[in-house]
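Residue numbers (my numbering), protein chains in the order written: chain A, 17 to 335; chain B, 1174 to 1424.
Built from N, CA and C at the ideal position, the CB exists for glycine as well.
What follows is the structure, given as structure tokens:
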């Protein structure tokens, strides 16, 4: 799947604010057509990372390559391949949607003759057809967010960076924006940051978790899901000894969180459910519940980010 | 690219009531000054006619008008320049410019050109007043041109200083007040003339924004004065570019 062209390559990204380390040693790659989800608690360094990739902040050395171009050596060419929606959409409230998007198109070096076409396309993709002549300041938060996204894609950039694009939207708008992001993922690369974990599962191909300025997880979402299908919850009214269950093929370990409840930790790829049902019928164990438990992204997230919050240790320890 | 940024700046200015009220107020005050000077000239005219080498209408009307215009603009330019960068920073729209494929120089020059465009409209309206005198008699074109160029240079210097101070803060008011303070200080710098120290007096007089302007108002077109204003403006523009760059780079 990842044999395609690398559009963003980040190597050992570092950024300090005075003494405080915002981002330290973050490295990853984003391929064409991939939607990358960036997760992390507040203040973990997500926004800083995105700002650096977008060129709004400078990295300390040649660490960011966009489409093979170093962002410090060829800032103009590299920035032209990026569309960026910051946490707060950069909107001029006194302009109309059309005026604003036209300005953004020109600013991103869309040739004069193609501005009108780019404007129509961006408006259409973001559901802004009827809003062209409205003042941005008078639009609702959801529409302002859409204008922000339209601004990021108007010059048809190779890489689209969206910093929390669905914050403050109603559920229907969130669905629409997610749909849009999936569409964008078809031809562009999308880097997306969010607090909302299901959002990552809904739209992303790959997930990264940043904690205290460091990358603590970088994994394909499918692989993560496959790997996480690793538990089976069984409830029995007349249970046998735990060892009996442990002897089932594919069961690594058995926990008994409550009376008659067994949590089977499975080895990778195994599924002993059919065997278990047969045995339960044969042995008359009184099977009342059998549910595969997925180790959700949320659990992964909590495990990776909450564990060391109690002791104020160094960022190195968190890595 | 510079023109795109300048155009946006100008459009936003004219979409706000600020630009229109500035134009109206400045025009009102200068029209009043202009009328006083015309009246004065009419009173003096019989006596002037009898004098050998007497100052003409342009001397009596245009020079005071332009001198007042510079003082009015000293108050007004900070109001216009204070929001240039600081408001973008406050409204978080600066990110759009920083992540766009434009250089810092283009951003600063674009903003500078935008506000200069507006100030040139203001200046044009001011120059129209003495031009209306052509209907009733001749003008000293050289003197008028040198005065107008002087005013344009002074305004350019004001705007450059204001733009730089606007890059320093995210509070437009702070930028406005400090611009006003800086300009006023540079304006009255030659008041230090009486201290007795010859070298200091000379230096202060040279640095003062006013001295160079006075020469141009008298019709003395000295390239040294022009260079002073160009250098002044360029220095602050470069400082502004450096300031924005520093913000982006690692501290």
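Would you say residue 110 of chain A reaches chain B, if we count a Cβ-Cβ gap shorter than 8 Å as a contact?
-> The sequence position of residue 110 of chain A within the first chain is 94, counting from 1. For residue 110 of chain A, the answer is yes, since a Cβ of chain B falls inside 8 Å of its Cβ.
Below 8 Å CB to CB, which residues in the same chain sit around residue 1327 of chain B once its five sequence neighbours on both sides are set aside?
-> Looking up residue 1327 of chain B in the second chain gives position 154. Closer than 8 Å at Cβ, skipping near neighbours: 1243, 1246, 1382, 1386, 1402.
Where does residue 301 of chain A land, buried or exposed, given buried means 16+ other C-beta within 10 angstroms?
-> The residue labelled residue 301 of chain A in the question sits at position 285 within the first chain. It is buried - the Cβ of residue 301 of chain A has at least 16 other Cβ atoms within 10 Å.
Of all Cβ atoms in chain B, is any one closer than 8 Å to the Cβ of residue 138 of chain A?
-> In the first chain, residue 138 of chain A corresponds to position 122, counting from 1. Not closer than 8 Å to any Cβ of chain B, the Cβ of residue 138 of chain A fails to qualify, so no.
Can you give the Cα-Cα distance for residue 116 of chain A and residue 1308 of chain B, rounded to whole angstroms?
-> Position 100 of the first chain, counting from 1, holds the residue named residue 116 of chain A. Position 135 of the second chain, counting from 1, holds the residue named residue 1308 of chain B. Taking the straight line joining both Cα atoms gives about 45 Å.
Pairing CB atoms from the segment 162-178 of chain A with CB atoms from the segment 190-209 of chain A, are three or more of them under 8 Å?
-> yes
Cβ of residue 1182 of chain B within 8 Å of any chain A Cβ = Taking the second chain and counting its residues from 1, one reaches residue 1182 of chain B at position 9. Chain A, which has no Cβ nearer than 8 Å to the Cβ of residue 1182 of chain B, makes this no.
Beta-carbon separation (whole angstroms), residue 1324 of chain B vs residue 1239 of chain B, contact threshold 8 Å = As a first step, residue 1324 of chain B must be located in the second chain, where it is residue number 151. As a first step, residue 1239 of chain B must be located in the second chain, where it is residue number 66. Right, their Cβ atoms sit about 5 Å apart.
Can a CB atom of chain A be found closer than 8 Å to the CB of residue 1271 of chain B?
-> Translated into positions along the second chain, residue 1271 of chain B becomes position 98. Chain A, which has a Cβ nearer than 8 Å to the Cβ of residue 1271 of chain B, makes this yes.
Quick one: is residue 1185 of chain B near chain A, going by C-beta distance under 8 Å?
-> Position 12 of the second chain, counted from the first residue, corresponds to residue 1185 of chain B. Judged by the 8 Å Cβ criterion, residue 1185 of chain B is in contact with chain A.
Between residue 95 of chain A and chain B, is there a C-beta pair that is closer than 8 Å?
-> Your numbering for residue 95 of chain A matches position 79 in the first chain. At least one chain B Cβ lies under 8 Å of residue 95 of chain A.
Which chain B residues sit within Cβ distance under 8 Å of residue 71 of chain A?
-> Here the question's residue 71 of chain A lines up with position 55 in the first chain. What residue 71 of chain A touches in chain B: 1271, 1272.
For residue 1204 of chain B, collect the residues of the same chain with a Cβ closer than 8 Å to its Cβ; drop the 5 residues on either side in sequence, then sort them by chain order.
-> As a working note, residue 1204 of chain B is residue 31 in the second chain. Cβ within range, chain order: 1302.
Using a Cβ cut-off of 7 Å, pull out every chain B residue sitting near residue 123 of chain A, in sequence order please.
-> Sequence index remark: in the first chain, residue 123 of chain A carries index 107 (1-based). Residues of chain B passing the Cβ test: 1177, 1273, 1275.
Might you give, ordered along the chain, the residues of its own chain that have their beta carbon closer than 7 Å to the beta carbon of residue 1202 of chain B, omitting 5 neighbours on each side?
-> Locating residue 1202 of chain B in the second chain gives position 29, where the first residue counts as 1. Cβ neighbours of residue 1202 of chain B beyond the five flanking positions: 1245.
When the Cα of residue 269 of chain A is compared with those of A/54, A/283, A/82, which residue comes out closest?
-> One-based indexing of the first chain puts residue 269 of chain A at position 253. Of A/54, A/283, A/82, the residue nearest in Cα terms is A/283.
For residue 1385 of chain B, which three-state DSSP category applies?
-> As a first step, residue 1385 of chain B must be located in the second chain, where it is residue number 212. Residue 1385 of chain B falls in the helix class under three-state DSSP.
Given residue 1190 of chain B, which residues of its chain have a CB within under 6 Å of its CB, disregarding the five upstream and five downstream residues?
-> By 1-based counting over the second chain, the position of residue 1190 of chain B is 17. Excluding residues within five positions, none has a Cβ falling inside 6 Å.
Measuring only between beta-carbons, confirm whether residue 159 of chain A sits less than 8 Å from chain B.
-> By 1-based counting over the first chain, the position of residue 159 of chain A is 143. No, because no Cβ of chain B sits closer than 8 Å to the Cβ of residue 159 of chain A.
Interface residues of chain A facing residue 1278 of chain B [CB-CB closer than 9 Å] | For the purposes of this step, residue 1278 of chain B is taken as the residue at position 105 of the second chain. Within chain A, no residue comes near residue 1278 of chain B; the closest Cβ sits about 11 Å away, beyond 9 Å.
Would you mind giving the Cβ-Cβ distance between residue 1330 of chain B and residue 1406 of chain B, rounded to the nearest angstrom? I have them listed as a contact below 8 Å.
-> Start at 1 with the first residue of the second chain, and residue 1330 of chain B comes out as number 157. Start at 1 with the first residue of the second chain, and residue 1406 of chain B comes out as number 233. Their Cβ separation, rounded to whole angstroms, is 5 Å, which keeps residue 1330 of chain B and residue 1406 of chain B in contact under 8 Å.
Best match in B/1215, B/1198, B/1174, B/1410 for proximity to residue 1298 of chain B [C-alpha to C-alpha] = As a first step, residue 1298 of chain B is located in the second chain; it is residue number 125 there, counting from the start. Comparing Cα-Cα distances from residue 1298 of chain B to each of B/1215, B/1198, B/1174, B/1410, the minimum goes to B/1198.
Starting from residue 309 of chain A and walking both ways along the beta strand (DSSP E), at which residues does that stretch end?
-> Mapped onto the first chain, residue 309 of chain A falls at position 293. Residue 309 of chain A -> beta strand (DSSP E) spans 303-309.
Cβ distance (whole Å) where residue 107 of chain A is taken to contact residue 168 of chain A below 8 Å = Locating residue 107 of chain A in the first chain gives position 91, counting from the first residue. Locating residue 168 of chain A in the first chain gives position 152, counting from the first residue. In fact, because the Cβ distance is near 12 Å, the residues do not count as touching under 8 Å.
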